[in-house]
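In our numbering, the protein residues as written are 88 to 212.
In structure tokens, the structure reads:
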């Protein structure tokens, strides 16, 4: 399974995003294997005014691509990541939620706590 961060969905839903092709490839190649969290979708809504996209369409599209399992222990793990690795609350939550699965994201702050980030910014050869 692969955990999808907010910028993965943002790349897919924005009209013009430099990561869009790579994100679409990841989505297609990993169909049925991508999951995310409510926090990711909430973060998508938080930034929706800045990027001006249709919120309902964005949520519906994200839910077509990813499943959303939940576990309360993730919140306590997120606190540990915040305190030990100086991550933002959202980033700490994403790392805790992903557990040992890879995270698809262009956010390099994840590299400090996991060696298993599927970097969206890397170009395919």
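Glycine included, C-beta positions come from ideal geometry on N, C-alpha and C.
Keep in mind it's a predicted model, so treat the numbers as computed, not measured.
Residue i and residue j closer than 8 Å at C-beta
| i | j | result |
| --- | --- | --- |
| residue 194 | residue 178 | yes |
| residue 137 | residue 207 | no |
| residue 203 | residue 189 | yes |
| residue 93 | residue 130 | yes |
Residue(s) in a DSSP beta bridge with residue i
| i | result |
| --- | --- |
| residue 90 | 122, 190 |
| residue 154 | 122 |
| residue 142 | In the DSSP output, where bridge partners are listed per residue, residue 142 has none listed. |
| residue 204 | 190 |
Rounded C-alpha distance that separates residue i from residue j
| i | j | result |
| --- | --- | --- |
| residue 142 | residue 169 | 29 Å |
| residue 101 | residue 91 | 16 Å |
| residue 163 | residue 103 | 36 Å |
| residue 187 | residue 196 | 16 Å |
| residue 145 | residue 135 | 9 Å |
| residue 121 | residue 176 | 22 Å |
| residue 124 | residue 209 | 24 Å |
| residue 161 | residue 198 | 19 Å |
| residue 171 | residue 201 | 13 Å |
Sequence-distant residues of the same chain with beta carbon closer than 7 Å to residue i, five excluded per side
| i | result |
| --- | --- |
| residue 111 | 99 |
| residue 117 | 89 |
| residue 132 | 142 |
Contact set for residue i: own chain, Cβ-Cβ below 6 Å, skip 5 residues either direction
| i | result |
| --- | --- |
| residue 113 | 191 |
| residue 165 | 179, 180, 183 |
Under 8 Å, with one C-beta from each stretch per pair, do the stretch 147-154 and the stretch 180-195 reach the 3-pair mark? no
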